[in-house]
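Notes follow once the structure below has been shown.
2 protein chains.
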Amino acid sequence: MELHQLRYFCAVADTGSFSRAAEQSHVAQPSLSQQILKLEDELGARLFDRLGRSVRLTDLGKTLLPRARTVLRELEEAKGEVIERKDSAGGSVTVGVIPTVAPYFLPPVLASFTKKFPQARLTVVEEITPILLERLRAGTIDVAILALPIRGHEFEAWPFLTEPLFAAIPKRHALAKRRVLALRDLRKEPFLVLRDGHCFRDTLVAACDRARLKPKIIFESGQFSSLLSLVGADMGVSIVPEMAVKENTSCRYIRIGDEEATRTIGAVVLRGRSLSRAHRGFLALVRQEESGRRPTAAA
Amino acid sequence: MELHQLRYFCAVADTGSFSRAAEQSHVAQPSLSQQILKLEDELGARLFDRLGRSVRLTDLGKTLLPRARTVLRELEEAKGEVIERKDSAGGSVTVGVIPTVAPYFLPPVLASFTKKFPQARLTVVEEITPILLERLRAGTIDVAILALPIRGHEFEAWPFLTEPLFAAIPKRHALAKRRVLALRDLRKEPFLVLRDGHCFRDTLVAACDRARLKPKIIFESGQFSSLLSLVGADMGVSIVPEMAVKENTSCRYIRIGDEEATRTIGAVVLRGRSLSRAHRGFLALVRQEESGRRPTAAA
DNA sequence: TACGATGAATAGGTACAGCCTATGGAACTT
DNA sequence: AAGTTCCATAGGCTGTACCTATTCATCGTA
Chain A
9 MELHQLRYFC
19 AVADTGSFSR
29 AAEQSHVAQP
39 SLSQQILKLE
49 DELGARLFDR
59 LGRSVRLTDL
69 GKTLLPRART
79 VLRELEEAKG
89 EVIERKDSAG
99 GSVTVGVIPT
109 VAPYFLPPVL
119 ASFTKKFPQA
129 RLTVVEEITP
139 ILLERLRAGT
149 IDVAILALPI
159 RGHEFEAWPF
169 LTEPLFAAIP
179 KRHALAKRRV
189 LALRDLRKEP
199 FLVLRDGHCF
209 RDTLVAACDR
219 ARLKPKIIFE
229 SGQFSSLLSL
239 VGADMGVSIV
249 PEMAVKENTS
259 CRYIRIGDEE
269 ATRTIGAVVL
279 RGRSLSRAHR
289 GFLALVRQEE
299 SGRRPTAAA
Chain B
9 MELHQLRYFC
19 AVADTGSFSR
29 AAEQSHVAQP
39 SLSQQILKLE
49 DELGARLFDR
59 LGRSVRLTDL
69 GKTLLPRART
79 VLRELEEAKG
89 EVIERKDSAG
99 GSVTVGVIPT
109 VAPYFLPPVL
119 ASFTKKFPQA
129 RLTVVEEITP
139 ILLERLRAGT
149 IDVAILALPI
159 RGHEFEAWPF
169 LTEPLFAAIP
179 KRHALAKRRV
189 LALRDLRKEP
199 FLVLRDGHCF
209 RDTLVAACDR
219 ARLKPKIIFE
229 SGQFSSLLSL
239 VGADMGVSIV
249 PEMAVKENTS
259 CRYIRIGDEE
269 ATRTIGAVVL
279 RGRSLSRAHR
289 GFLALVRQEE
299 SGRRPTAAA
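Taken in order, these protein sequences are the chains called A and B.
End of the first sequence = 307 in this note's numbering, gap-free, step of one.
End of the second sequence = 307 in this note's numbering, gap-free, step of one.
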């Protein structure tokens with residue numbers, strides 16, 4: 009039972025003749041005859057009565073015909089749907105973002121994406137890096153926006169923004185007038201940092217290690233805004249990425265001058281995953297969007 | 009887009025692995041891989057994401073999967089239905105019968121057929137011979153019961169009953185005491201015969217021709233019962249086949265002794281037509297039924 | 001009745017498609 | 001680093017769907 013047999017069968021039913029069916033199907037008449045014979049063999053019954061001049065469906069042929077047509081039609085529909093979807097800008101895009109990026113990064117990207125891909129359904133998930141990577145592996149998110157670098161070559165990463173770090177210092181602090189600081193300048197200060205699990209905490213710790221600094225941590229939180237309001241209340245100092253600057257105006261933000269005191273944000277996908285037009289559109293967008301924004305952010 | 013490609017595709021989707029799918033499909037893994045690649049090629053898009061270890065459906069694959077399953081399922085159903093129907097005793101049987109046979113022949117045959125093939129739908133059509141032959145050609149009836157012989161070798165005929173002819177004569181007629189008559193004995197009598205178009209009229213005319221008899225026709229009707237009641241009213245004589253004997257008890261029925269003064273009833277089908285079990289069952293039944301009845305009829 | 005025309009089945013040969021085994025390359029495990 | 005476990009590729013083989021040529025049967029016509 010093969011598809012071309014069904015096609016030939018329908019053609020004979022339509023034309024009432026093996027010869028005309030063969031012509032219509034662009035095969036020689038004996039080839040078509042053979043295939044019909046083969047189909048009848050497999051079913052164990054004649055599908056056509058070969059009367060001298062004409063050919064007519066048997067009762068069995070009459071039962072098969074609508075079903076054969078259905079099968080062929082649905083096959084075409086399936087193929088058509090796949091091909092149509094392939095080229096469409098629709099579909100769903102699920103993006104995962106780390107918490108220390110989400111509030112600053114998302115609004116403009118979401119706006120321009122939904123504007124550019126109105127047919128696509130965009131979902132955003134906020135999780136810490138290891139969860140995002142796991143979900144990339146599991147396929148429950150399509151793209152992750154997080155701090156690079158990451159380990160594991162099953163991922164493909166596209167860095168698009170490297171931002172400097174800033175010290176957040178109480179307005180009246182002795183160092184508050186400086187234009188730039190070294191991390192070691194803060195070695196005596198009490199630190200307010202993100203909770204363990206947030207990758208920016210690791211970024212900070214790594215930077216401190218390089219500066220041979222062992223920060224005295226007196227407070228931990230899950231978000232910058234909490235840290236900064238406590239800094240504003242003179243509880244200590246904090247380190248934040250540029251994105252979080254101006255979050256709280258009762259702090260002074262001073263650029264950290266150390267080498268490598270930066271954070272790099274990138275888009276990550278699972279290597280080998282095929283990406284829809286909407287997926288690729290989203291990736292193109294974040295890269296362009298953030299590149300375009302960099303001068304502003306650097307100002 | 010071939011059926012085995014869809015089968016392979018579903019197998020991979022089910023097992024999550026090309027190797028296991030190949031094993032399950034009883035082909036080598038490279039063969040299956042090739043077919044999947046070919047399918048993806050034709051659709052112009054990947055259906056699976058080949059991640060290092062596992063294989064996962066893409067969005068496009070997810071849209072194709074249910075449709076592929078539908079196609080395969082419906083194909084199986086179609087095949088199953090045809091094969092089931094082929095062996096079933098159901099289906100419809102449409103039988104055509106000439107008017108001069110119908111009322112005598114049908115009742116017992118219908119009864120035993122519906123008893124033996126309760127699932128079959130039997131339809132009976134009463135028409136004169138040329139109409140029946142035309143309908144056999146057109147396929148609107150499956151079997152015709154009529155008087156043989158017929159012309160045209162596009163038909164296949166099975167005679168199953170040859171019955172003698174009887175003269176129907178008024179009770180008080182001079183010939184009413186005879187045990188047997190020759191047609192020529194009736195040469196002076198007024199004849200009551202069937203209307204033109206009824207094949208039994210032709211049978212009668214042919215018999216008269218052979219007897220060098222030119223009957224004086226004073227009445228024509230479409231059914232024997234009308235003729236016989238007028239014979240009973242002393243209007244003249246008539247010739248009827250054995251089947252119609254005893255239709256009217258106010259006549260005497262006397263066997264016609266002439267050579268070939270008989271009528272042969274047979275079943276006719278279109279040569280080359282495939283016959284279902286119900287069709288064959290009906291044919292077997294009429295032959296057996298009437299053979300079994302012959303002694304009775306001859307008594 | 002014989003004849004050519006039409007249409008399906010059969011015969012014989014060919015080419016390609018799908019299958020195989022062997023191998024390569026990548027990812028994961030030990 | 002070696003061994004496993006995947007899928008993809010390479011190269012060769014076979015079956016089968018296709019072709020042309022022919023036969024067979026029926027039908028219309030000279």
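Even for Gly, the Cβ is constructed at its ideal location relative to N, Cα and C.
Residues sharing a beta bridge with residue i, DSSP
| i | result |
| --- | --- |
| Arg-260 of chain A | A:Ile-177 |
| Phe-163 of chain B | B:Leu-278 |
| Val-63 of chain B | B:Arg-58 |
| Phe-227 of chain B | B:Leu-200 |
| Glu-171 of chain A | A:Arg-271 |
| Val-7 of chain A | The displayed coordinates of chain A run from 9 to 307. Any statement about residue 7 of chain A would go beyond what the structure contains. |
| Val-20 of chain B | DSSP lists no partner for Val-20 of chain B. |
| Gly-104 of chain B | B:Val-133 and B:Ala-152 |
Nearest neighbour of residue i, chosen from the options [CA to CA]
| i | options | result |
| --- | --- | --- |
| Asp-266 of chain B | B:Leu-278, B:Asp-217 and B:Leu-191 | B:Leu-191 |
| Lys-395 of chain B | B:Pro-38, B:Met-251, B:Ser-25 and B:Gly-240 | This structure leaves residue 395 of chain B out entirely; chain B is present only between 9 and 307. |
| Leu-236 of chain A | A:Glu-162, A:Ser-258 and A:Ala-215 | A:Ser-258 |
| Asp-150 of chain B | B:Val-101, B:Leu-200 and B:Lys-224 | B:Val-101 |
| Glu-250 of chain A | A:Ile-262, A:Asp-242 and A:Gly-244 | A:Ile-262 |
| Tyr-112 of chain A | A:Gln-231, A:Leu-283 and A:Ile-139 | A:Gln-231 |
| Ile-153 of chain B | B:Val-20, B:Ser-41, B:Thr-23 and B:Ala-110 | B:Ala-110 |
| Lys-254 of chain B | B:Ser-233, B:Thr-270, B:Thr-272 and B:Phe-208 | B:Ser-233 |
| Ala-76 of chain B | A:Arg-28, A:Arg-81, A:Leu-73 and A:Leu-72 | A:Arg-81 |
| Leu-40 of chain B | B:Asp-49, B:His-12 and B:Leu-293 | B:His-12 |
| Phe-208 of chain B | B:Val-35, B:Ile-136, B:Leu-283 and B:Glu-162 | B:Ile-136 |
| Lys-185 of chain B | B:Arg-260, B:Gly-98, B:Lys-70 and B:Asp-193 | B:Arg-260 |
| Gly-53 of chain A | B:Ser-284, B:Ser-33, B:Ala-219 and B:Gln-42 | A small correction: the amino acid at residue 53 of chain A is Ala; Gly does not occupy that position in the sequence shown. Answer by Cα proximity: B:Ser-284. |
Range covered by the alpha helix (DSSP H) that runs through residue i
| i | result |
| --- | --- |
| Glu-92 of chain A | 67-95 |
| Gly-240 of chain B | 232-240 |
| Lys-124 of chain A | 110-124 |
| Ala-215 of chain B | 207-218 |
| Leu-335 of chain A | With chain A covering only 9 through 307, there is no way to say anything about residue 335 of chain A. |
| Val-253 of chain B | Segment: none, Val-253 of chain B is in no alpha helix (DSSP H) and carries neither H nor E. |
| Leu-140 of chain A | 137-146 |
Closer than 9 Å to chain B by CB, residue i
| i | result |
| --- | --- |
| Glu-164 of chain A | no |
| Glu-142 of chain A | no |
| Ser-282 of chain A | yes |
| Leu-291 of chain A | no |
| Leu-40 of chain A | no |
| Val-20 of chain A | no |
| Asp-49 of chain A | no |
| Glu-171 of chain A | no |
| Val-213 of chain A | no |
| Leu-11 of chain A | yes |
Bounding residues of the beta strand (DSSP E) (the contiguous stretch that carries residue i)
| i | result |
| --- | --- |
| Glu-134 of chain A | 129-134 |
| Pro-249 of chain A | 246-249 |
| Ser-41 of chain B | Ser-41 of chain B -> not in any beta strand (DSSP E); alpha helix (DSSP H) instead, spanning 37-51. |
| Ser-33 of chain B | No beta strand (DSSP E) holds Ser-33 of chain B; the alpha helix (DSSP H) holding it covers 26-33. |
Short CB-CB distance (under 9 Å) between residue i and chain A
| i | result |
| --- | --- |
| Thr-71 of chain B | yes |
| Arg-279 of chain B | yes |
| Ile-91 of chain B | yes |
| Thr-108 of chain B | no |
| Thr-131 of chain B | no |
| Pro-303 of chain B | Note on Pro-303 of chain B: pLDDT 38, under 50, position unreliable in the model; the coordinate value appears next. Chain A, which has no Cβ nearer than 9 Å to the Cβ of Pro-303 of chain B, makes this no. |
| Ser-27 of chain B | no |
| Thr-66 of chain B | yes |
| Glu-31 of chain B | no |
| Asp-57 of chain B | yes |
| Gly-265 of chain B | no |
| Gly-99 of chain B | yes |
| Ala-307 of chain B | Confidence in Ala-307 of chain B is poor, its pLDDT being 25 and thus under 50, which makes the residue's placement too unreliable to answer from. |
| Arg-15 of chain B | no |
The ligand ZN heavy atom lying under 8 Å from the CB of residue i
| i | result |
| --- | --- |
| Leu-235 of chain A | No copy of the ligand ZN appears in this structure; indeed no ligand is present at all. |
- Item | Cβ contact (3+ pairs, closer than 8 Å) linking the region 271-282 of chain A and the region 168-179 of chain A | Counting C-beta pairs closer than 8 Å gives three or more between the region 271-282 of chain A and the region 168-179 of chain A, which meets the contact rule.
- Task: Indicate whether the contact test is met: 3 or more Cβ pairs, each with one atom in the region 125-138 of chain B and one in the region 84-102 of chain B, closer than 8 Å.
- Result: yes
- Message: With three or more beta-carbon pairs closer than 8 Å as the criterion, would you say the region 217-232 of chain B touches the region 185-199 of chain B?
- Response: yes
- Message: For the region 112-123 of chain B against the region 81-90 of chain A, do three or more pairs of beta-carbon atoms, one drawn from each stretch, fall closer than 8 Å, so that the two count as touching?
- Response: As far as the Cβ criterion goes, the region 112-123 of chain B does not touch the region 81-90 of chain A, which means the pair count is below three.
- Taking one C-beta from the region 48-64 of chain A and one from the region 15-29 of chain B each time, how about it: are there three or more such pairs within less than 8 Å? Because the criterion of three Cβ pairs below 8 Å is not met, the region 48-64 of chain A and the region 15-29 of chain B do not touch.
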